[in-house]
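Student: One structure follows; several queries about it will come next.
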Amino acid sequence: MAPTFATPADAAARIRTRDTIGFGLGPANPDAFFTALGARDDWEDLTFGGALLLGYYTVLTHPRVSYRCGFFGPAERTMLAQGANIDLVPGGFRQFAPILRRFAPRVMTAQAAPPDADGMVNLSLHLGATYDELVMAGTDPDRLLVIEVNPNLPRTCSLPPEYSNAIPLDLADVIVESGGAPFALPQAAPDDIDQAIAERARSFIVDGATLQIGIGAVPDMVASQLASGAGGSYGIHTEMFTDGLMQLHLAGKVTNDTKSVFNGVSIATFALGSTDLYRWLDGNRDVALVPVQVVNDPTVIARNHSFVSINGALSVDLYGQVVADHIGGKQISGVGGHEDFVAGAELRIEDHSLICLRSTAVTNGVTRSRIVPLLPEGSVVSTPRHHTGVVVIEYGAADLSGRTVRERAAALVAIAHPDFRDELADRAATLGRP
37 MAPTFATPAD AAARIRTRDT IGFGLGPANP DAFFTALGAR DDWEDLTFGG ALLLGYYTVL
97 THPRVSYRCG FFGPAERTML AQGANIDLVP GGFRQFAPIL RRFAPRVMTA QAAPPDADGM
157 VNLSLHLGAT YDELVMAGTD PDRLLVIEVN PNLPRTCSLP PEYSNAIPLD LADVIVESGG
217 APFALPQAAP DDIDQAIAER ARSFIVDGAT LQIGIGAVPD MVASQLASGA GGSYGIHTEM
277 FTDGLMQLHL AGKVTNDTKS VFNGVSIATF ALGSTDLYRW LDGNRDVALV PVQVVNDPTV
337 IARNHSFVSI NGALSVDLYG QVVADHIGGK QISGVGGHED FVAGAELRIE DHSLICLRST
397 AVTNGVTRSR IVPLLPEGSV VSTPRHHTGV VVIEYGAADL SGRTVRERAA ALVAIAHPDF
457 RDELADRAAT LGRP
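Just so you know, we're using this note's numbering here: the sequence shown kicks off at 37 and counts up by one.
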């Protein structure tokens, strides 16, 4: 049966007062459709399952609407603080597909570029973990597949026939036509501390290394330094494709010819950044989106040459336990691909997992060390101590790999902010002893 072309309001009318809706992370969010759902007030029990909203959607503030979220962003944190029914579903990005399958939403939805001459709609900036569920919803007469098409979205590439980021138009039950500008991620402004951290991280990257570089001022600064530096012949195998990685391509520093897997092409599972990035990705065969189950698989990651993973953190204790997504009783983000890339980058001696963070944070007007003796009660560990590789802050880098408990603690004390080293050293002396 051919799909029905509908306005966002008409598509919203197809949702039952008691229903379940599944969607993909970030740039997969169907903005016009979700906005239109907010115009209804007759919900009895509507449940969403997804992650990382890029907009503030009033439907999620309704008292009888709930949201099972796999990764928090600013929108989730804001709405939760205002009383919305949002609960975290703990899980790494690679686990999103089975989590979504267990949720089994009646409605699946995504945004996409308009159909091509072959009648295929391109999933554009997000492949992630939802492809199979989208197809299953489209082939099941008891389910509903809503695709929002937007001519302002780029058509990205994948690696057919093994991997595809396009689905047949006829698979959709409802096509929503929209024309809004795709979400442009504000660029973080780096400062001197970010610069110092990036310089220390840069020292672990050799010519021909394969890189995973995430979001934020430090990763962007690392990419900028690599783009303007003397090295090159880098490969890209990353969860999120960013402006920094585009600049690395434009500088001629990416060849992807030393990679042992997906040779010759940069690999990601979604992209998020500026409008310049989206224009550059349109039809660009130098970058391929592949399902997250493959991109974030540590055994696949480990096959790459001289792999370097760069991730952020909120706090690290003297055992090397890393807190990256939940601190002080508040959910900040989510697991994402953090643990997968940390694990994938520790299996060969020439690989490096870099955990980057500032030495201090200010809480309620008090400056505190981000390197702490022990994680306080209620902390949620993102990376266990046995996976932690190199901790990088503005005062230095501590390689914890293969070190004893006491050696790891001493290395972390040595790079902590000078104002806290004595206190940390006293506590470090007690570790690894009865």
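Even for Gly, the Cβ is constructed at its ideal location relative to N, Cα and C.
Please name the residue, chosen from A253, S200, S342, that lies closest to S269 on a Cα-to-Cα basis.
Tutor: Locating residue 269 in the sequence shown gives position 233, counting from the first residue. Selected option, being the one with the closest Cα: S342.
Student: Among residues of its own chain, excluding the 5 on either side of E430, which ones have a beta-carbon nearer than 7 Å to its beta-carbon?
Tutor: For the purposes of this step, residue 430 is identified with residue 394 of the sequence shown, where counting begins at 1. Cβ within range, chain order: I229, A232, I233, R394, S395.
Student: When you compare the CB positions of G432 and R191, do they come within less than 8 Å of one another, or not?
Tutor: Your numbering for residue 432 matches position 396 in the sequence shown. Your numbering for residue 191 matches position 155 in the sequence shown. Result no, Cβ atoms of G432 and R191 do not sit closer than 8 Å.
Student: Excluding the five sequence neighbours on either side, which residues of its own chain have a C-beta within less than 6 Å of the C-beta of S102, listed in chain order?
Tutor: Here residue 102 is taken as the residue at index 66 of the sequence shown, counted from 1. Counting only Cβ-Cβ distances below 6 Å, and skipping sequence neighbours, we find T83, N121.
Student: Spatial neighbours of L181 within its chain, please: C-beta separation below 7 Å, excluding the five flanking residues on both sides.
Tutor: Locating residue 181 in the sequence shown gives position 145, where the first residue counts as 1. Counting only Cβ-Cβ distances below 7 Å, and skipping sequence neighbours, we find M144, L170, A173, G174, L207, A208, D209.
Student: For a quick check, are the C-beta atoms of D361 and G370 less than 8 Å apart?
Tutor: In the sequence shown, counting from the first residue as 1, residue 361 sits at position 325. In the sequence shown, counting from the first residue as 1, residue 370 sits at position 334. Yes, Cβ-Cβ distance for D361 and G370 is below 8 Å.
Student: Provide the residue(s) that pair with N121 in DSSP beta bridges, ordered along the chain.
Tutor: Indexing the sequence shown from 1 puts residue 121 at position 85. Paired residues: S102.
Student: By DSSP, does R404 sit in helix, in strand, or in coil?
Tutor: Locating residue 404 in the sequence shown gives position 368, where the first residue counts as 1. If DSSP states are grouped into helix, strand and coil, R404 belongs with the strands.
Student: Give the list of continuous beta strand (DSSP E) stretches no shorter than 3 residues that lie fully inside the stretch 183-242.
Tutor: 202-204, 210-213
Student: Measure the C-alpha to C-alpha separation of A133 and A165 and round it to an integer number of angstroms.
Tutor: Position 97 of the sequence shown, counted from the start, is the residue given in the question as residue 133. Position 129 of the sequence shown, counted from the start, is the residue given in the question as residue 165. Whole-angstrom Cα-Cα distance: 5 Å.
Student: Is H273 closer than 8 Å to I251 when the C-beta atoms are compared?
Tutor: Along the sequence shown, read from residue 1 onward, the residue named residue 251 stands at position 215. Along the sequence shown, read from residue 1 onward, the residue named residue 273 stands at position 237. No; because the gap between Cβ atoms is not below 8 Å, this pair is not in contact.
Student: Among the candidates A434, N400, I368, L460, whose CA atom is the shortest distance from the CA of L410?
Tutor: Locating residue 410 in the sequence shown gives position 374, counting from the first residue. Among A434, N400, I368, L460, the Cα nearest to that of L410 belongs to L460.
Student: Could you have a look at H388 and say whether DSSP puts it in helix, strand or coil?
Tutor: Working through the sequence shown from its first residue, we reach residue 388 at position 352. DSSP places H388 in strand when its eight states are reduced to three.
Student: What residues in its chain sit with their C-beta under 7 Å from that of F107, if we drop five residues either side in the sequence?
Tutor: Sequence index remark: in the sequence shown, residue 107 carries index 71 (1-based). Counting only Cβ-Cβ distances below 7 Å, and skipping sequence neighbours, we find L61, A87, L88, S369, G370, G372.
Student: Please report the distance separating the alpha-carbon of L281 from that of P222.
Tutor: By 1-based counting over the sequence shown, the position of residue 281 is 245. By 1-based counting over the sequence shown, the position of residue 222 is 186. Looking at the two C-alpha atoms, the distance is approximately 16 Å.
Student: Count Cβ pairs between the stretch 378-394 and the stretch 322-341 that sit closer than 8 Å; are there 3 or more?
Tutor: yes
Student: When the Cα atoms are used, what is the spatial distance from S264 to A287?
Tutor: Position 228 of the sequence shown, counting from 1, holds the residue named residue 264. Position 251 of the sequence shown, counting from 1, holds the residue named residue 287. If you take the alpha carbons of S264 and A287, they lie about 7 Å apart.
Student: With DSSP collapsed to three states, give me the class of R463.
Tutor: Translated into positions along the sequence shown, residue 463 becomes position 427. Here R463 carries a helix assignment [DSSP, helix/strand/coil].
Student: According to DSSP, simplified to helix, strand and coil, what is I57?
Tutor: Residue mapping note: residue 57 aligns to position 21 of the sequence shown, counting from 1. In the structure shown, I57 sits in a strand (DSSP, three-state: E or B).
Student: Measuring CA to CA, which of D322, V352, P226, T419 is closest to G128?
Tutor: Taking the first residue of the sequence shown as position 1, residue 128 is located at position 92. Minimum Cα distance to G128 is reached at T419.
Student: On the three-pair Cβ rule with 8 Å, is the stretch 252-263 touching the stretch 213-220?
Tutor: no
Student: DSSP on G85, reduced to helix/strand/coil?
Tutor: Stepping through the sequence shown from its first residue, residue 85 is reached at position 49. Three-state DSSP puts G85 in a strand.
Student: Leaving aside the five residues before and after P204 along the sequence, list all residues of the same chain whose C-beta is less than 7 Å from its C-beta, in chain order.
Tutor: Taking the sequence shown and counting its residues from 1, one reaches residue 204 at position 168. Within the same chain, P204 has close Cβ partners G155, M156.
Student: Determine contact between the stretch 74-83 and the stretch 43-51, defined as no fewer than three beta-carbon pairs at a distance below 8 Å.
Tutor: The answer is yes - the stretch 43-51 touches the stretch 74-83, with three or more Cβ pairs under 8 Å.
Student: On a Cα-Cα basis, can you pick out the residue from T40, Q261, G119 that is closest to R238?
Tutor: In the sequence shown, residue 238 corresponds to position 202, counting from 1. Measuring from the Cα of R238, the nearest candidate turns out to be Q261.
Student: Would you mind working out which of P39, P110, E184 sits nearest F59, comparing C-alpha positions?
Tutor: Residue numbering aside, residue 59 sits at position 23 when the sequence shown is read from its first letter. Closest by alpha carbon: E184.
Student: For R469, tell me which candidate among D458, A452, F456, A445 has the shortest Cα-Cα distance.
Tutor: Within the sequence shown, the letter at position 433 stands for residue 469. Closest by alpha carbon: A445.
Student: Can you find the residues in the same chain that come closer than 7 Å, C-beta to C-beta, to D55, ignoring five residues on each side of it along the sequence?
Tutor: Walking along the sequence shown from the start, residue 55 turns up at place 19. L82, R142, V143, listed in sequence order.
Student: Quick check on DSSP: helix, strand or coil for H374?
Tutor: Translated into positions along the sequence shown, residue 374 becomes position 338. It is helical.
Student: Which residues does DSSP list as the beta-bridge partners of T424?
Tutor: Against the sequence shown, residue 424 aligns to sequence position 388. BP columns for T424 are empty, so no partner.
Student: What are the start and end residues of the alpha helix (DSSP H) that includes G309?
Tutor: Taking the sequence shown and counting its residues from 1, one reaches residue 309 at position 273. Note, G309: premise wrong, no alpha helix (DSSP H); not H, not E.
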